[in-house]
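In what follows, a structure is listed as structure tokens, so that the remarks can point back to it.
Number of protein chains: 2
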Amino acid sequence: MSLDEIDKKILQKLQNDSKITNKKLSSELNLSVTAIFERIKRLERNRVISRYVALVKPAEVDRSFMVFCQIKLVQHSKNYVIKFEEEIIQLHEVLECYHVSGEYDYILKILVKDMEAYREFLLNKLTNLNHIGSTQSTFIISPVKSTTAIDLL
Amino acid sequence: MSLDEIDKKILQKLQNDSKITNKKLSSELNLSVTAIFERIKRLERNRVISRYVALVKPAEVDRSFMVFCQIKLVQHSKNYVIKFEEEIIQLHEVLECYHVSGEYDYILKILVKDMEAYREFLLNKLTNLNHIGSTQSTFIISPVKSTTAIDLL
DNA sequence: ACTCATTCTGAAAAATATTCTAATTACAAT
DNA sequence: ATTGTAATTAGAATATTTTTCAGAATGAGT
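Protein chains in written order, with the UniProt record's numbering: chain A, 1 to 153; chain B, 1 to 153.
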């Protein structure tokens, strides 16, 4: 789907604050409320906007420990890969998982309460999965930047 | 701030779809609209909910290339670290940046159009920063899971 | 039992989202 | 240039939702 400059400005603003009203958007972009409304609906219909979400502060819900975990599989046959990915998706501690290039096969972003909870996760969940070869954990000392907004301007 | 089960259910739902109406929430949780309204306002006031955002599909806005880039600094004096982090924050291609444990100092999640754009980014922006020792890039072959929602139940 | 603070309900008011009709614009084909 | 067609827009109406308000229920501490 093709996006003009107005679409991009709308997306830019919605990515930063999806609670902004159509009225405010319309005055900032010098368009009618209806024009804004129709454009947003079109962006939603075409799945340019995939969803609207509330972002929760991890520390406020007792999830202050973030880890990047790299994983190697023992085999790479299609069945193993499919099975592994299905199982990973089920784990709620895993916020993100990517199949990647390089020495390891996967990178996972994991969020838990603390180091102890991570140990539990590793022992009881992750290393219990079949086909896992080795893992390597990288702990987050401090977040420097964290955004979901893609720059479009 | 302390959260009861109702708060957690509200957060759970808002993390998945922040456009859900208070009326719908109220019927699903068997509370009045006002009760829901007040609870959400409290969650916002106390920054449990940090913001509401629209999520945009990267491919739809021509950003199909994601990379994890690990960085080592040449020195770790406070001034260097501060300066480096300030500069990283400015780069719109960098969606996330974490100070981490292990062999490298930082992990960055970078989103660009394609490999060529990534090369441009590396040459013109990243390696132009002072104090950078070495970098190592890991390319995303395929996303397996990607969510912003923290499981609270 | 009484007070205080918190959370709740239901109704009213204010603001916003959505629908509708018509006018305008953009653009391709002639 | 001009016609026709579709897409986009504006403005008014209607429908929904958010927000405010007053009063009732709840619970902890005295």
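Built from N, CA and C at the ideal position, the CB exists for glycine as well. Source: prediction; values computed, not measured.
In this structure, does DSSP put A:TYR106 in helix, strand or coil? Reduced to three states, the DSSP call for A:TYR106 is strand.
In chain B, which residues lie with their C-beta within 8 angstroms of the C-beta of A:VAL144? Under the 8 angstroms cutoff, chain B gives GLU85, ILE88, ILE89, CYS97, TYR98, HIS99, TYR106.
Between B:ILE110 and B:VAL67, how many whole angstroms is the CB-CB distance? I'm expecting something under 8 angstroms. Contact between B:ILE110 and B:VAL67 holds, with the beta-carbon distance rounding to 5 angstroms and staying under 8 angstroms.
At the level of alpha carbons, what is the spacing between A:VAL81 and B:GLU87? Computed Cα separation, rounded: 38 angstroms.
Which residue from A:GLN75, A:SER142, A:VAL100, A:LYS41 puts its Cα closest to that of B:GLU96? Cα-wise, what sits closest to B:GLU96 is A:SER142.
Starting from A:ARG39, find everything on chain B with Cβ-Cβ shorter than 9 angstroms and list it in chain order. Ordered by position in chain B, no residue passes the 9 angstroms Cβ test against A:ARG39, which lies about 13 angstroms from the chain.
One question on the structure: do A:PHE65 and A:TYR118 come within less than 8 angstroms of each other, judged by their Cβ atoms? Yes, the pair counts as a contact, with Cβ atoms nearer than the cut-off.
Work out the CA separation of A:SER32 and B:VAL33 for me, nearest whole Å. Going by the C-alpha atoms only, they are around 31 angstroms apart.
Buried or exposed: B:ASP105, going by 16 or more other Cβ atoms within 10 Å of its Cβ? Looking at its Cβ environment, which holds 16 or more other Cβ atoms inside 10 Å, B:ASP105 is buried.
Neighbourhood of A:ILE107 by C-beta distance below 7 angstroms, restricted to the same chain and skipping five residues each side: For A:ILE107, the CB contacts under 7 angstroms within the same chain, skipping 5 residues up- and downstream, are PHE68, GLN70, TYR98, VAL100 in chain order.
What residues in its chain sit with their C-beta under 7 angstroms from that of A:LEU91, if we drop five residues either side in the sequence? Cβ neighbours of A:LEU91 beyond the five flanking positions: LYS125.
How is A:ILE141 classed by DSSP in three states: helix, strand or coil? When secondary structure is reduced to three states using DSSP, A:ILE141 falls in the strand class.
Reduced DSSP secondary structure (H/G/I, E/B, other) of B:SER101: Here DSSP, grouped into helix, strand and coil, assigns B:SER101 to coil.
Give the range of the beta strand (DSSP E) segment to which A:ALA54 is assigned. DSSP places A:ALA54 inside the beta strand (DSSP E), whose first and last residues are 49-56.
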